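Q: One structure follows; several queries about it will come next.
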Amino acid sequence: MAIRVRRDVFKLSDEDLNWYRRAVAAMQERRIDDPLSWRYQAAMHEYIPGQDPLASSADKLPSKADQDRFWTRCQHSSWFFLPWHRMYLHHFEKIVAAEIERQGGPPNWALPYWNYSDPNAQLLPPAFRKQNGPNALYVAARDPDCNAGRSFFQSRDVNLSCLKQPDFNSPPQGGSSSFGGPITKFNHGQGPIGDLEGTPHGSMHVAIGGDGWMSAFNTAALDPIFWLHHANIDRLWEVWLRDTTHKNPVGNDWLTSVPFEFHDLNGQVVSMTPSQVIDTRAAPLLYEYDDTPALPAVAAGVKMAVKKAMAAKPQMVGATAESFNVEDTTHAEFTVRAPPALAAGARRKARRYFLNIENLTATDRAGAYDVYLNVPKGDDPKNHDELFVGRMPLFGLVEASRDEGEHAGSGLHYVLDITDFVTRLGRAWDWKKVRVSFVPARARARSQVRVGRVSVYFT
Amino acid sequence: MTIEPRHWVLGISGLAWVPLVHHAVLHWGHAQHHFLTPPIELLHWGLMVAAMMLPLVTDAITVAAFRSLPERRHRAGAVFVAGFLGCWLLAGLPAVALRQLVIMHDNRVAAICFIAAAAWSVTRVRKKALLRCHRTFPIAPVGFRADLDCFRFGTSVGYGCVVSCGLAMLACTLAGHSLMALVVCMVGGVAERRTFRWSGTPSLIAMAALAVVLTAT
Numbered sequence: 000m001a002i003r004v005r006r007d008v009f010k011l012s013d014e015d016l017n018w019y020r021r022a023v024a025a026m027q028e029r030r031i032d033d034p035l036s037w038r039y040q041a042a043m044h045e046y047i048p049g050q051d052p053l054a055s056s057a058d059k060l061p062s063k064a065d066q067d068r069f070w071t072r073c074q075h076s077s078w079f080f081l082p083w084h085r086m087y088l089h090h091f092e093k094i095v096a097a098e099i100e101r102q103g104g105p106p107n108w109a110l111p112y113w114n115y116s117d118p119n120a121q122l123l124p125p126a127f128r129k130q131n132g133p134n135a136l137y138v139a140a141r142d143p144d145c146n147a148g149r150s151f152f153q154s155r156d157v158n159l160s161c162l163k164q165p166d167f168n169s170p171p172q173g174g175s176s177s178f179g180g181p182i183t184k185f186n187h188g189q190g191p192i193g194d195l196e197g198t199p200h201g202s203m204h205v206a207i208g209g210d211g212w213m214s215a216f217n218t219a220a221l222d223p224i225f226w227l228h229h230a231n232i233d234r235l236w237e238v239w240l241r242d243t244t245h246k247n248p249v250g251n252d253w254l255t256s257v258p259f260e261f262h263d264l265n266g267q268v269v270s271m272t273p274s275q276v277i278d279t280r281a282a283p284l285l286y287e288y289d290d291t292p293a294l295p296a297v298a299a300g301v302k303m304a305v306k307k308a309m310a311a312k313p314q315m316v317g318a319t320a321e322s323f324n325v326e327d328t329t330h331a332e333f334t335v336r337a338p339p340a341l342a343a344g345a346r347r348k349a350r351r352y353f354l355n356i357e358n359l360t361a362t363d364r365a366g367a368y369d370v371y372l373n374v375p376k377g378d379d380p381k382n383h384d385e386l387f388v389g390r391m392p393l394f395g396l397v398e399a400s401r402d403e404g405e406h407a408g409s410g411l412h413y414v415l416d417i418t419d420f421v422t423r424l425g426r427a428w429d430w431k432k433v434r435v436s437f438v439p440a441r442a443r444a445r446s447q448v449r450v451g452r453v454s455v456y457f458t
Numbered sequence: 000m001t002i003e004p005r006h007w008v009l010g011i012s013g014l015a016w017v018p019l020v021h022h023a024v025l026h027w028g029h030a031q032h033h034f035l036t037p038p039i040e041l042l043h044w045g046l047m048v049a050a051m052m053l054p055l056v057t058d059a060i061t062v063a064a065f066r067s068l069p070e071r072r073h074r075a076g077a078v079f080v081a082g083f084l085g086c087w088l089l090a091g092l093p094a095v096a097l098r099q100l101v102i103m104h105d106n107r108v109a110a111i112c113f114i115a116a117a118a119w120s121v122t123r124v125r126k127k128a129l130l131r132c133h134r135t136f137p138i139a140p141v142g143f144r145a146d147l148d149c150f151r152f153g154t155s156v157g158y159g160c161v162v163s164c165g166l167a168m169l170a171c172t173l174a175g176h177s178l179m180a181l182v183v184c185m186v187g188g189v190a191e192r193r194t195f196r197w198s199g200t201p202s203l204i205a206m207a208a209l210a211v212v213l214t215a216t
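Sequences listed follow chains A and B, in order. 308 is the number that numbering that gives the first Met the number 0 gives to position 309 of the first sequence; each next residue is one higher, with no gaps. 165 is the number that numbering that gives the first Met the number 0 gives to position 166 of the second sequence; each next residue is one higher, with no gaps.
Spelled out as structure tokens, the structure:
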């Protein structure tokens with residue numbers, strides 16, 4: 000079979016996107032209990048009864064057993080984040096492609112991706128904005144600037160530093176960061192968010208969505224742009240692998256132990272494991288991206304040193320003593336103590352440093368916060384770009400804060416790799432007094448955000 | 000190899016099985032008829048909890064330890080376990096009281112309790128309680144606050160554990176700490192936490208099977 004080529008949406012013709020539009024419109028006409036319908040596919044990501052913006056009295060939902068089996072299956076804060084979404088997109092693409100072919104369109108249609116890191120592609124693709132006539136790709140529930148075709152996000156939202164992470168996975172307890180997420184079983188969600196899942200994945204969900212669909216788990220996949228966004232995230236996984244020292248996990252715990260179920264283009268149930276979606280050019284996937292650039296070269300010695308440091312178990316060396324609310328710009332201070340193993344003179348062996356923001360909860364959608372370290376008292380953190388260490392896009396925070404949700408109210412856990420920051424500051428970095436500043440990047444006034452703890456780990 | 004709290008927790012669990020197995024072998028076939036004084040009955044309950052429940056929460060113990068300063072890791076694990084076991088010991092008091100009643104020494108009563116546990120297996124309340132076992136809490140780095148946070152973590156997980164598994168544990172007690180019941184419940188609990196998508200059906204089947212076996216014996 001021919002390999003489908005997923006292309007940059009800004010390189011597609013209007014006709015290519017018209018076929019996507021027509022297929023989406025057809026899927027939106029199908030009933031919610033039809034596995035090939037728009038709403039069913041979106042519900043597979045997450046569905047919350049009573050919070051469905053398209054709910055109607057005429058709805059006939061699938062049986063409870065089917066809802067439990069197929070809906071609300073998305074994997075987040077987990078090393079299954081990338082393979083699950085790859086499978087999800089694969090089956091969606093096949094369903095859309097079948098509909099396009101049914102309508103007389105080209106065979107082998109491929110889902111485009113939106114490379115918003117490209118400076119020439121940072122406005123919402125025109126096909127997704129309001130048109131003169133009906134447009135199934137347009138959704139009113141987005142950030143207004145996004146929908147208006149105006150600039151709506153910052154460079155920090157599409158930062159690709161995640162591609163520098165040498166390890167795919169991290170320990171489930173937190174401590175250190177990773178590209179793909181922490182080791183989990185079927186996600187119970189108490190682990191930290193992987194770097195790619197944080198930015199640009201979470202950042203762009205929040206930026207595009209605003210108060211709308213893309214910024215909530217249970218409505219994100221209702222927006223047709225969701226699929227192009229995730230195609231880009233999937234593409235970045237391939238880009239990360241261009242560095243031959245970057246490896247996917249090899250154990251059966253990841254490869255074969257956890258099956259995930261979807262519906263094929265005929266609505267039949269299909270079970271897949273990550274082992275089947277490693278190579279996009281192999282069956283059953285059979286697709287590739289038109290552009291997966293090589294990563295900048297890094298000296299072998301540097302890579303080896305980083306790999307060695309990452310292999311060591313991270314140790315907690317300081318944390319805040321109490322939880323605190325984050326309101327507008329908020330600062331927290333704590334002391335970092337060197338553990339016995341890192342006595343005087345031995346500190347030079349610690350090569351990686353991580354800032355953990357743990358048990359983050361919120362009462363409503365919370366936008367995003369920028370994190371700065373050791374901003375002098377009285378100074379505005381925004382005037383200290385050199386002290387910026389990362390952005391926390393709080394996508395999924397409300398869901399993770401719910402007691403009755405899969406996270407059981409644990410909230411979210413972010414890990415920011417501050418190694419470069421510490422190395423750059425050198426002796427100016429005051430270990431004894433860490434001052435963390437949270438600055439709203441896209442905050443929502445109605446949400447009360449609470450930080451459980453901020454901690455520093457060394458490896 | 001660095002000794003971590005989960006290692007000695009599993010060691011405690013293993014040791015707890017020794018007197019339980021000894022008791023079961025010694026009173027094979029009629030253990031449920033034995034009257035034990037309340038303190039001894041409570042001791043048996045505690046041994047059951049240590050043997051069967053501690054292995055199910057090693058992940059949470061590891062979180063408590065990992066999120067602590069290195070010199071506090073074992074202390075964090077121990078305080079967590081204290082909170083966890085404290086919850087279970089409180090839950091054991093009604094079980095101990097019930098075992099003082101003659102009628103409770105009939106296998107059919109234990110069977111009824113296993114049927115109730117089977118029905119409980121597929122409830123949403125139990126599913127929510129099981130999720131609670133995975134909840135994490137922030138832990139202060141030092142001092143009394145750190146101990147309090149670890150204790151609170153342990154009691155929260157313990158509460159979820161009691162809600163999800165308390166009926167099954169009561170049934171095991173009413174069955175005279177039957178070795179078969181203990182092993183089946185333990186294996187079921189481990190399997191439930193290792194399965195990749197929660198389903199109450201395996202637990203329902205296991206509890207129902209125990210009810211049938213007890214009724215027949």
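Where is the CB? At the ideal position from N, CA and C, for every residue including glycine. Please read these numbers as outputs of a predicted model, since none were measured by experiment.
Of all the residues that make up the region 131-146 of chain B, which are near chain A by a beta-carbon distance shorter than 9 Å?
A: Cβ contacts with chain A come from 131, 132, 133, 134, 135, 136, 137, 138, 139, 140, 141, 142, 144 and 145.
Q: Of all Cβ atoms in chain B, is any one closer than 8 Å to the Cβ of residue 176 of chain A?
A: In the first sequence, counting from the first residue as 1, residue 176 of chain A sits at position 177. So no, residue 176 of chain A is outside the interface.
Q: Let me see if you follow: with CB-CB separation under 8 Å, is residue 317 of chain A close to chain C or not?
A: Of the protein chains in the structure, A and B, none is chain C.
Q: Closer than 7 Å, Cβ to any Cβ of chain A: which residues of the region 56-78 of chain B, in chain order?
A: The residues in question are 61, 62, 65, 66, 67, 68, 69 and 70.
Q: Give me the Cβ distance between residue 434 of chain A and residue 330 of chain A, rounded to the nearest whole Å; I'm assuming they're in contact under 8 Å.
A: The residue labelled residue 434 of chain A in the question sits at position 435 within the first sequence. The residue labelled residue 330 of chain A in the question sits at position 331 within the first sequence. About 6 Å; that satisfies the 8 Å criterion.
Q: Can you find a CB in chain B that lies within less than 8 Å of the CB of residue 408 of chain A?
A: Locating residue 408 of chain A in the first sequence gives position 409, counting from the first residue. Chain B, which has a Cβ nearer than 8 Å to the Cβ of residue 408 of chain A, makes this yes.
Q: Give the secondary structure of residue 290 of chain A by DSSP, where H, G and I count as helix, E and B as strand, and everything else as coil.
A: Here residue 290 of chain A refers to the residue found at position 291 of the first sequence. Residue 290 of chain A: coil per DSSP, three-state reduction.
Q: Taking only the alpha-carbon atoms, compute the straight-line gap between residue 56 of chain B and residue 68 of chain A and give it to the nearest angstrom.
A: If you number the second sequence from 1, residue 56 of chain B lands on position 57. If you number the first sequence from 1, residue 68 of chain A lands on position 69. In a straight line, the C-alpha of residue 56 of chain B is about 26 Å away from that of residue 68 of chain A.
Q: So does the region 371-381 of chain A actually touch the region 149-164 of chain A, counting three or more Cβ pairs closer than 8 Å?
A: The region 371-381 of chain A vs the region 149-164 of chain A: no contact.
Q: Measuring only between beta-carbons, confirm whether residue 322 of chain A sits less than 8 Å from chain B.
A: Within the first sequence, numbered from 1, the residue matching residue 322 of chain A stands at position 323. With 8 Å as the cut-off, residue 322 of chain A counts as an interface residue toward chain B.
Q: Going by the beta-carbon positions, is the gap between residue 198 of chain A and residue 145 of chain A smaller than 8 Å?
A: Counting from 1 along the first sequence, the entry for residue 198 of chain A is found at position 199. Counting from 1 along the first sequence, the entry for residue 145 of chain A is found at position 146. The Cβ atoms of residue 198 of chain A and residue 145 of chain A lie no closer than 8 Å to each other.
Q: What residues in the region 27-52 of chain A have a beta carbon less than 7 Å from any beta carbon of chain B?
A: Listed by position along the chain: nothing, the set is empty.
Q: In chain order, which continuous runs of the alpha helix (DSSP H) of length 4 or greater are located wholly inside the region 106-176 of chain A?
A: 143-146
Q: Does DSSP put residue 217 of chain A in a helix, a strand or coil?
A: Counting from one through the first sequence, the residue named residue 217 of chain A turns up at place 218. Residue state, collapsed to three classes: coil.
Q: By the three-class DSSP mapping on this structure, what secondary structure does residue 414 of chain A have?
A: The residue given as residue 414 of chain A occupies position 415 in the first sequence. The answer is strand: DSSP assigns residue 414 of chain A an E or B state.
Q: With DSSP collapsed to three states, give me the class of residue 102 of chain A.
A: Reading the first sequence from its first residue, position 103 is the one you call residue 102 of chain A. Correct three-state label for residue 102 of chain A: coil.
Q: How big is the Cα-Cα spacing for residue 19 of chain A and residue 279 of chain A?
A: If you number the first sequence from 1, residue 19 of chain A lands on position 20. If you number the first sequence from 1, residue 279 of chain A lands on position 280. Straight-line Cα distance between these residues: approximately 21 Å.
Q: Measuring alpha carbon to alpha carbon, tell me which residue in A/273, A/243, A/244 and A/260 is nearest residue 253 of chain A.
A: On the first sequence, position 254 is the one that residue 253 of chain A refers to. Nearest C-alpha to residue 253 of chain A: A/273.
Q: Taking 7 Å as the limit between beta carbons, can you name the residues of its chain near residue 268 of chain A, skipping five residues before and five after?
A: As a first step, residue 268 of chain A must be located in the first sequence, where it is residue number 269. Counting only Cβ-Cβ distances below 7 Å, and skipping sequence neighbours, we find 260 and 262.
Q: Just list the residues that DSSP pairs residue 5 of chain A with in beta bridges.
A: For the purposes of this step, residue 5 of chain A is identified with residue 6 of the first sequence, where counting begins at 1. Looking at the DSSP assignment, residue 5 of chain A forms a beta bridge with A/288.
Q: Excluding sequence positions up to five away, which residues of its chain have a Cβ less than 8 Å from the Cβ of residue 136 of chain B?
A: Within the second sequence, the letter at position 137 stands for residue 136 of chain B. Within the same chain, residue 136 of chain B has close Cβ partners 148, 151, 152 and 155.
Q: If I follow the unbroken alpha helix (DSSP H) through residue 38 of chain A, where does it start and stop?
A: Position 39 of the first sequence, counting from 1, holds the residue named residue 38 of chain A. Here the alpha helix (DSSP H) through residue 38 of chain A covers 37-44.
Q: Ignoring anything shorter than 4 residues or poking outside the region 225-293 of chain A, list the alpha helix (DSSP H) runs there in chain order.
A: The region 225-293 of chain A is shown to contain whole alpha helix (DSSP H) runs of 4 or more residues at 251-254, in chain order.
Q: With respect to 7 Å, is the separation between the Cβ of residue 25 of chain A and the closest non-hydrogen atom of the ligand SAM below this value?
A: Among the components of this structure there are no ligands whatsoever, and the ligand SAM is therefore not found.
Q: Quick test of the definition: if touching needs 3 or more C-beta pairs under 8 Å, does the region 14-33 of chain A touch the region 70-89 of chain A?
A: Two segments are said to touch when three or more pairs of C-beta atoms, one from each, lie closer than 8 Å; by this definition the region 14-33 of chain A does not touch the region 70-89 of chain A.
Q: Quick check: is the beta carbon of residue 358 of chain A nearer than 8 Å to any beta carbon in chain B?
A: As a working mapping, residue 358 of chain A is identified with position 359 in the first sequence. At least one CB atom of chain B sits nearer than 8 Å to the CB of residue 358 of chain A.
Q: Please decide whether residue 403 of chain A counts as near chain B, where near means a Cβ-Cβ distance under 8 Å.
A: What you label residue 403 of chain A is simply residue 404 of the first sequence in a count that begins at 1. Closer than 8 Å to some Cβ of chain B, the Cβ of residue 403 of chain A qualifies, so yes.
Q: Taking three-plus beta-carbon pairs below 8 Å as touching, is the region 26-36 of chain A in contact with the region 313-329 of chain A?
A: Short answer: they don't touch.
Q: Can you find a CB in chain B that lies within less than 8 Å of the CB of residue 280 of chain A?
A: Translated into the one-based positions of the first sequence, residue 280 of chain A becomes position 281. No, residue 280 of chain A lies away from the interface with chain B (no Cβ there is under 8 Å from its Cβ).
Q: Closest to residue 289 of chain A by C-alpha separation, out of A/395, A/235 and A/323, would be which residue?
A: Start at 1 with the first residue of the first sequence, and residue 289 of chain A comes out as number 290. For residue 289 of chain A, the nearest C-alpha among the options comes from A/235.
Q: Here's the rule: buried if 16 or more other CB atoms are within 10 angstroms of the residue's CB, otherwise exposed. What is residue 10 of chain A?
A: Looking up residue 10 of chain A in the first sequence gives position 11. Residue 10 of chain A is exposed by the Cβ-count criterion.
Q: Excluding the five sequence neighbours on either side, which residues of its own chain have a C-beta within less than 6 Å of the C-beta of residue 162 of chain B, listed in chain order?
A: What you label residue 162 of chain B is simply residue 163 of the second sequence in a count that begins at 1. Correct list, in chain order: 128.
Q: Could you check what DSSP says for residue 163 of chain B in three-state terms: helix, strand or coil?
A: The residue labelled residue 163 of chain B in the question sits at position 164 within the second sequence. Residue state, collapsed to three classes: helix.
Q: Using CA atoms only, rank isn't needed, just tell me which of A/112, A/152 and A/360 is closest to residue 452 of chain A.
A: For the purposes of this step, residue 452 of chain A is taken as residue 453 along the first sequence, with counting starting at 1. Closest in C-alpha terms to residue 452 of chain A, from the list A/112, A/152 and A/360, comes A/360.
Q: By how many angstroms is the C-alpha of residue 191 of chain A removed from the C-alpha of residue 4 of chain B?
A: As a working mapping, residue 4 of chain B is identified with position 5 in the second sequence. As a working mapping, residue 191 of chain A is identified with position 192 in the first sequence. Rounded to whole angstroms, residue 4 of chain B to residue 191 of chain A spans 22 Å at the Cα level.
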